[in-house]
Amino acid sequence: MTTTPRPGRVRCAVLGSPIGHSKSPALHRAAYGVLGLDWSYDAIDLVGPALPAFLDALGEEWRGLSLTMPLKRDVLPLLDWADPIARLTGGANTVLLAGTGAERTRRGYNTDVRGIDQAFRDAGVTSLGTVHLIGGGATAASALAAVAGLGASRAVVSVRTPARAEDLIQVGEQLGVAVTVRDWTEQSRVLAVPDAVISTLPGGVPLPVAFSRAVRASAVLFDVAYEPWPSALAVSWRDAGGTVIRGLDMLVHQALAQLRIFVNGDPDRELEGESTVLAAMRAAVAP
Numbered sequence: 307m308t309t310t311p312r313p314g315r316v317r318c319a320v321l322g323s324p325i326g327h328s329k330s331p332a333l334h335r336a337a338y339g340v341l342g343l344d345w346s347y348d349a350i351d352l353v354g355p356a357l358p359a360f361l362d363a364l365g366e367e368w369r370g371l372s373l374t375m376p377l378k379r380d381v382l383p384l385l386d387w388a389d390p391i392a393r394l395t396g397g398a399n400t401v402l403l404a405g406t407g408a409e410r411t412r413r414g415y416n417t418d419v420r421g422i423d424q425a426f427r428d429a430g431v432t433s434l435g436t437v438h439l440i441g442g443g444a445t446a447a448s449a450l451a452a453v454a455g456l457g458a459s460r461a462v463v464s465v466r467t468p469a470r471a472e473d474l475i476q477v478g479e480q481l482g483v484a485v486t487v488r489d490w491t492e493q494s495r496v497l498a499v500p501d502a503v504i505s506t507l508p509g510g511v512p513l514p515v516a517f518s519r520a521v522r523a524s525a526v527l528f529d530v531a532y533e534p535w536p537s538a539l540a541v542s543w544r545d546a547g548g549t550v551i552r553g554l555d556m557l558v559h560q561a562l563a564q565l566r567i568f569v570n571g572d573p574d575r576e577l578e579g580e581s582t583v584l585a586a587m588r589a590a591v592a593p
């Protein structure tokens, strides 16, 4: 959904295709309300081939963009600068449009890593040793970076086509995490009882890997999907008495980092009244 902003109004948007399901507009608009910002934030349906022309056509009223896959990868060569974690993980989900005239720049960031890290910490998980990842895309790379920050030293990645996830081995090497990529039918060869299981599969995708009750009862589940919720995986985990972290928690925290970038130009600089902003964002997307 797009709106017609008033002249001079700062503009931001989330880009992707399909994009109608995105909760980003609700999150960002709720924050703008608390911060007293007369900014607009829209959802724009855009495919990869159209991204270069779209960026070139943006006026100086544009401040920030949130990106979904596959645009996270597509945008990297179109940036003037990208933070190290975006380069390492192969994707930027945030673009800051700053400066004027010839000094105008596009700066890319990966806030997904921060979102995953903070969601774990909110659940009381501050240290990890071994993890089992399901799925091998850009979100899996971000998850690797996040668990490395929590001390993980080993990860098994279960994917449909192992050859397409070999780059995660190199990402792991740079992070100090030993990564093994397996076909997801080889359940007997993955970690018996990891500290955490992270599913990066889209919502509604049938789970290709079965987990024992022992794993579900002791390992923390992080399911990045948030619609439909609870997922079948989350239900099975709860039935076994295990701990479940929702993808919605990651979404809120990565959006908060985006807001720091759009408003303050720095993901490490907190917003004014940030706890109130965060509460409003959570309320805006509460089930």
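When you line the sequence shown up against the numbering used here, it's residues 307 to 593, in that order. All residues carry an ideal CB built from backbone N, CA and C; glycine is no exception. Owing to the predicted nature of the structure, the values given are computational and were not obtained by experimental measurement.
For His-327, no alpha helix (DSSP H) segment is defined, and its DSSP state is neither H nor E. The segment 464-476 and the segment 522-538 do not touch, with fewer than three beta-carbon pairs separated by less than 8 Å.
According to DSSP, residue pairing for Val-437 in a beta bridge involves Ala-461, Ala-502. Distance from the CA atom of Gly-441 to the CA atom of Ser-505, rounded to whole angstroms, is 7 Å. Around the beta carbon of Gln-564, a 10 Å sphere encloses 16 or more other beta carbons of the protein chains shown; the residue is thus reported as buried.
Straight-line measurement puts the Cα of Leu-377 at about 11 Å from the Cα of Ala-444.
Within the same chain, Cβ atoms closer than 7 Å to the Cβ of Arg-369 are found at Val-316, Arg-317, Cys-318, Leu-403, Phe-568, the five residues on either side in sequence being excluded. Only residues of its own chain outside the window of five on either side were considered, and among them Pro-376, Leu-377, Asp-380 have a CB closer than 8 Å to the CB of Gly-354, listed in chain order.
Taking a contact to require three or more Cβ pairs closer than 8 Å, the segment 388-403 and the segment 359-369 qualify as touching. Counting along the chain, Val-401 sits inside no alpha helix (DSSP H); it lies in the beta strand (DSSP E) bounded by residues 400-404. By the criterion of at least three beta-carbon pairs nearer than 8 Å, the segment 542-552 is in contact with the segment 511-524.
The residue among Arg-413, Asn-416, Glu-366, Ala-388 with its C-alpha nearest the C-alpha of Gly-407 is Glu-366.
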